[in-house]
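Each protein sequence line maps, in turn, to chains A and B.
If you read the first sequence in my numbering, its first letter stands for residue 1, the second for the next number, and so on.
If you read the second sequence in my numbering, its first letter stands for residue 1001, the second for the next number, and so on.
Please read the structure below before turning to the comments.
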Amino acid sequence: MNEENPSVETYIVVFVALLILAALTTGIAYINLGTLNTVVALAIAAVKMSLVGLFFMHLWYSRGLTRIVVLAGFFWLALMVLFTLADVFSRSWIKPPGP
Amino acid sequence: MFFIGGAAAVMMRLHLIEPAGALVQPETYNKLFTMHGVVMVFFFLIPSIPATLGNFLVPMMIGARDLAFPRLNLLSWYVYITGAAFTLYALISGGVDTGWTFYTPLSSHYLNTHVITTALGVFITGFSSILTGLNFIVTIHKMRAPGMTWKRMPLFLWSIYAASVIFVLATPVLAIALFLVGLERIFHVGIFDPAIGGDPVLFQHLFWFYSHPAVYIMILPGMGVVSELVTCFSKKKPFGYIFIAYSSLAIAVFSFLVWGHHLFVSSQSVYAGFISSALSFALAIPSAIKVFNWTATLYKGSISYQAPMLYALGFIGLFTMGGLTGLFLASLATGVHLHDTYFVIAHFHYIMVGGAVMAYLGGIHFWWPKITGRLYHDGWARFAALVIFVGFNLTFFPQYMLGYLGMPRRYAVYPAEFQVLDVMSSAGASHTRRRLLDSIRLSSLVHPLWTRSRIESLERERPGMGDAIAASHR
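And the structure:
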């Protein structure tokens, strides 16, 4: 299926990068950035997830169909988040009747 | 598992003969309906057609020797058994009373029953679904025999493929939702409990993101079976093959967009409710395409009313009723009025039992000779099909009326004026259905296995019972 496999060096570099990012997540949790804390944590998590997907799960080396399947997964995840947030953000548009 | 779930249903219906409850304590009643729901949805309806007919027919219909990953297939069986063992353990050791929906904060905060064990069982079984879905997708993509193009595939495969897509995309979300319930129960992480920063409606979003598409996991394979049966027993090519095929995919995609119609009274925003309602109406279109195409296939066909065809015709009628009453529930105004009443119970049983179970029984009868080399007893099977149809309607039609009149679901007691309709429903459930399920399983399917009536001679008498593959080709 795959044209080539990642080398052992690549695996090690990615693994070390993941460890550094994990340490970064932990460190930033101790600094008070307000609402930015969540944003930064999620951003780091997204980078880590991409690294795992691209190298450990060989997406970097895969062909079109495999990539489309993965993108479909993300698309569906986006649908779930979109519709859920659409509910959360529009709840306050109408105030409940009463005193 | 089907008999355990069925036994819980029969006990519930017997209990509801009396307005004050005739059989069990209210706490036990709660456990009965939970076990009925959990077992029937996760351990019977979802795996029923894919795991039996799917595993058997998918490779055969595309001309492959086996599925793409036979060992993965075996693993999914072991995973299923492991999950079922956890859930049965919960049942034996005291039960669980959250309802099959596991709504928070009831499940995460208030109950002390076996929520974790049951949820773990469902969580584990989910992986069996994912593996099966993955296996079907890869097999259908990669292992079709030369010449078996997408548009020549039997319609059963299109529907199984669409269901597999839902298996793979939706099931992980259920696993996550149940995992988070466990996380909150055990470690008090604030996810659903507002007191510690959570949002209880978030659970309903996650749960129904899986569980609404799961309805189509249950019904899509059934639709595929019915497409084969109607084609074979009308002795015609399927009318509008490409529309039936693509409507399966349309159902799979749209099914992910409508879950908000379960949340009309859960403090969901009215705007989100409006969108969900409109999309639910859109979802009715591909379902209607299928029903119209089956009917058009029957038109001027040379129809023979053998047992599988009786189930298929039952499916078309009952599914249509279940589907149309779904539109009542998808409309915001009537949905709020009918929410959590017996109308909802009747609606989804018309889809799940009248649809999925009828198709399953029809399919099992149809391919029984292919699987075992023996033909079932056709007289008994026809009799069973008819009485199941009547018994089903006796059970669930009164529940439409009960729901419309305002009887809420999940209560162990009810006002005396509902007793006549409740007794009718109980009579249908406990007498007809159980008798006839026994009859169909024992008399018509299993019995021929030891009567040694060889299929070869019988197939000569009933040529309509042949292979579906040739019949469903364009």
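Even for Gly, the Cβ is constructed at its ideal location relative to N, Cα and C.
Task: CB-CB length for Phe1102 of chain B against Ile1130 of chain B, believed under 8 Å - done: So it is not a contact: roughly 19 Å between Cβ atoms.
Open item on the list: Going by DSSP in three states, Ser90 of chain A sits in which element: helix, strand or coil?
Closed with: helix
Open item on the list: Taking 9 Å as the threshold (beta carbon to beta carbon), is Asp1199 of chain B in contact with chain A?
Closed with: yes
Open item on the list: Among B:Thr1395, B:Gly1222, B:Ser1211, B:Ile1303, whose alpha-carbon lies nearest the alpha-carbon of Gln1428 of chain B?
Closed with: Checking the sequence shown, residue 1428 of chain B turns out to be Gly, not Gln. Gly1428 of chain B has its Cα closest to that of B:Thr1395, out of B:Thr1395, B:Gly1222, B:Ser1211, B:Ile1303.
Task: CB contact check: Ile20 of chain A to chain B, cutoff 9 Å - done: no
- [ ] Label Gly1362 of chain B either buried or exposed according to how many other C-beta atoms from any shown protein chain fall within 10 Å of its C-beta, with 16 as the threshold for buried.
- [x] buried
Open item on the list: Taking the straight line between their C-alpha atoms, what separation do you get for Ser1247 of chain B and Leu1202 of chain B?
Closed with: 30 Å
- [ ] Look at the Cβ atom of Ser1211 of chain B, then the Cβ atom of Trp1259 of chain B, and state whether they are nearer than 9 Å.
- [x] yes
Open item on the list: Please report the straight-line C-alpha distance between Ala1284 of chain B and Phe1315 of chain B, rounded to a whole angstrom.
Closed with: 16 Å
Open item on the list: Beta-carbon within less than 7 Å of Leu1072 of chain B's beta-carbon, same chain only, minus the 5 sequence neighbours each way: which residues are those?
Closed with: Leu1131, Asn1135
Open item on the list: Looking at the strands, I want to know which residues DSSP matches up with Thr1341 of chain B.
Closed with: B:Pro1408
TODO: Quick one: using the 10 Å Cβ neighbour count with 16 as the cut-off for buried, is His1261 of chain B buried or exposed?
DONE: buried
Open item on the list: Can you check whether the C-beta of Phe1003 of chain B is within less than 9 Å of a C-beta belonging to chain A?
Closed with: no
- [ ] Excluding the 5 residues preceding and the 5 following Asp1422 of chain B in the sequence, name in chain order all residues of the same chain whose CB lies nearer than 6 Å to its CB.
- [x] Leu1016
TODO: Following the continuous alpha helix (DSSP H) through Leu1279 of chain B, name the residue where it begins and the one where it ends.
DONE: 1270-1298
TODO: Using the Cα positions of Ala1250 of chain B and Phe1264 of chain B, report the straight-line distance between them to the nearest angstrom.
DONE: 24 Å
Open item on the list: For a minimum of 4 consecutive residues, which ranges assigned as the alpha helix (DSSP H) are wholly contained in the stretch 1312-1392 of chain B?
Closed with: 1332-1338, 1342-1351, 1358-1372
Task: Min CB distance Ala1272 of chain B to chain E below 9 Å - done: Absent from the structure is chain E; the protein chains it does hold are A and B.
Open item on the list: Do Trp1100 of chain B and Phe1192 of chain B have their beta-carbon atoms positioned less than 9 Å apart in this structure?
Closed with: No, the pair does not count as a contact, with Cβ atoms beyond the cut-off.
- [ ] Please classify Glu1018 of chain B: does DSSP put it in a helix, a strand, or coil?
- [x] Looking at Glu1018 of chain B - three-state DSSP - the assignment turns out to be coil, as it is neither helix nor strand.
- [ ] Note down the Cα distance separating His1141 of chain B from Phe74 of chain A, rounded to an integer number of angstroms.
- [x] 21 Å
- [ ] Give the interface partners of Leu1257 of chain B over in chain A, defined as CB-CB distance under 9 Å, in chain order.
- [x] Leu79, Phe83, listed in chain order.
Open item on the list: If the criterion is Cβ atoms closer than 9 Å, does the pair Leu1298 of chain B and Ser1255 of chain B meet it?
Closed with: no
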